[in-house]
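Each residue of the sequence shown is one higher than the one before, counting from 1 in full-length UniProt numbering. Note that the Cβ used here is the ideal one computed from N, Cα and C, for glycine as well. If you're wondering where the values come from, they're calculated on a predicted model, not measured in any experiment. Here the structure comes first, spelled out in structure tokens, and everything after it is commentary.
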Amino acid sequence: MKKSLTSIVKENVSRPAMNEVTVTRHSKKVRNKKMDGDSLLKRRVEQKLKDCDVSGAVRILSSDDVIVPPTLETLEALRSKHPAEQDNPSFPPKASLVPMVGQVSAEEVLQAVTSFPNGSAGGPDGLRPQHLKDCLRGSRDPASTELAEALACLMTLMLEGKVPDEICPVLYEASLTALLKKDAGIRPIAVGNTLRRLAGKMMSKRIMEAMGVLVRPQQLGYGTKGGAEAVVKNSAGRHSRHDALNDIIHRALTSCQVHNIREPNGLPRDDGRRPDGLTLMPWCQGKALAWDVTVVDTLAQTYLQGSTERVGFAANQAEEKKRSKYVELEGRYLFCAVEFETFGVFGNEARDLIQKIGKKIMDRTGEPRSLSFLKQKISIEIQRGNAACVFGTFAQSRGLEEIYNILDAKKNRLLSV
């Protein structure tokens, strides 16, 4: 009598002795049916939904990434992206390494396991973060508590660097998948073992506060709780100012009969980013003009020392960075980095471009104050953006809107309540 696989598993679970485990072998070979692309896509989406990973399912449906077949060419391409292993690596002696980590607690393990997103993939050992989540879900279950304490001991051992050398190649290995990029290149995706990633999460959280003190205020994305969100909220007004300044340049070029478009498509850029504008006719040296506008903070920590020594330091530094960013456009286009400072200073390239545009408008219209009008418009938009940025840092409240004025008819005066 043939038994189903479920019956065999139930019998093996109910038998405590290892020598009583039933082993069955199927005489018939099961042939794997080849599935088409739609069936594979359906299976992957269903698996993500089973893991309660709705965002992952949406990413799969909207992604056009293709896994490269495992061939010798793929292997060589992956090796070319990874440095070769050195024969004699100059690692410091183990005796000089003094680990500065304390005992990992079970609470740290639970927090780190919970921080894994739903549907996270497992490494070569097949252990997925969801497996640990399911086993540690019952906080009052003695088995879950015992597992958390065992993982805490293991994490302490790993963070102290006491993993035996024979285990390191297995514990710290990763599965490598090659994805095909749009430019026919290869993007390697490595997924390490869950236990190694768990140890990395706990170590990263421990050093996060110390690193936050070192990198603030230049970098707020790591080590500062809500830092990136605060930067986004405090940048209110900058986007509208950027659009307004580009609109001024666009209209000024149109006034001197130089047709142009905003955010042109089809420029040779690897990352797909576009400059703010491009003229449709030659501007100088037989080349079309491409420009990109940025307003930098004069008192930013990265520019503060230079700004105290030289006027326009922040704008000129931003011009150099912007020019290196659009280096692919050099040769075919005449690129101009239009940089302004929050204190109203023009960068060198911005000043030259505004001077040329103002002169062309004056020659076209005969108005001698054209350049002054253009500079005034730009200055007003910079100051308007500064005001919006300042007001964006205020807490949300009704403020003066809660004040009401009542007319006292007898005394003929206003009362504020």
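From what residue to what residue does the beta strand (DSSP E) around F340 run? Note, F340: beta strand (DSSP E), 333-341.
Integer Cβ distance of I189 from L180, believed to fall under 8 Å: Rounded, the Cβ-Cβ distance is 12 Å, inconsistent with contact.
Tell me the DSSP secondary structure of C153 in three-state form. The answer is helix: DSSP assigns C153 an H, G or I state.
L289 vs N193 beta-carbon contact at 8 Å: No, the Cβ-Cβ distance between L289 and N193 is not below 8 Å.
Are residue 439 and V163 touching if we call contact CB-CB under 8 Å? Because the chain in this structure spans residues 1 to 417, residue 439 falls outside the shown range and cannot be described.
Residues in the same chain with beta-carbon distance under 8 Å from L374, minus the five sequence neighbours each way, listed in chain order, please. Excluding the 5 residues flanking it on each side, L374 has same chain C-beta neighbours closer than 8 Å at I248, A252, I354, I357, G358, I361, in chain order.
M281 classed as buried or exposed, judged by whether at least 16 other C-beta atoms fall within 10 angstroms: M281 is exposed by the Cβ-count criterion.
If you pair each beta-carbon of the region 335-352 with each one of the region 375-383, do three or more pairs fall below 8 Å? A contact exists between the region 335-352 and the region 375-383.
Grab me the residues of V258's own chain with a C-beta within less than 6 Å of its C-beta, minus the 5 sequence neighbours each way, in chain order. T279, listed in sequence order.
Please give the ranges of any beta strand (DSSP E) in the region 260-288, keeping only runs that are unbroken, at least 3 residues long and fully inside the region. The qualifying runs are 260-262, 277-284.
Taking all protein chains shown into account, decide if residue 419 is buried (16 or more other Cβ within 10 angstroms of its Cβ) or exposed. As displayed, the chain neither begins before 1 nor continues past 417, which places residue 419 out of reach and without an answer.
Which partner residues does E330 have in the DSSP bridge list? E330 is bridged to Y333.
Pairwise C-alpha distance: R44 and C256: Taking the straight line from one Cα to the other gives about 57 Å.
Since T156 contacts V104 with CB under 8 Å, what's their CB separation in whole angstroms? T156 to V104, Cβ: 5 Å. Contact.
Please return the same chain residues whose Cβ sits closer than 6 Å to the Cβ of E173, not counting the five positions on each side in sequence. Counting only Cβ-Cβ distances below 6 Å, and skipping sequence neighbours, we find P124.
Any idea what DSSP makes of V101, helix, strand or coil? Coil at V101, not helix or strand.
Mind reading off the beta-carbon distance from R196 to L171? Whole number of angstroms is fine, and I expect it under 8 Å. Sure, about 6 Å apart at Cβ, within 8 Å.
Here's a check: name, in chain order, each residue in its chain whose Cβ is nearer than 8 Å to the Cβ of E73, leaving out the five neighbours to either side. No residues qualify anywhere along the chain.
Spatial neighbours of K322 within its chain, please: C-beta separation below 8 Å, excluding the five flanking residues on both sides. Excluding its 5 nearest sequence neighbours in each direction, K322 has C-beta neighbours in its own chain below 8 Å: D292, T294, A337, E339, listed in chain order.
Could you check if S204 is buried or exposed, using at least 16 other CB atoms within 10 Å of its CB as the buried criterion? By the Cβ neighbour-count rule, S204 is exposed, with fewer than 16 other Cβ atoms within 10 Å of its own.
Looking only at its chain, what residues have a beta carbon closer than 7 Å to the beta carbon of K201, apart from the 5 residues adjacent to it on each side? The residues are A112, S115.
Go ahead and pull the three-state DSSP assignment for S175. S175: strand per DSSP, three-state reduction.
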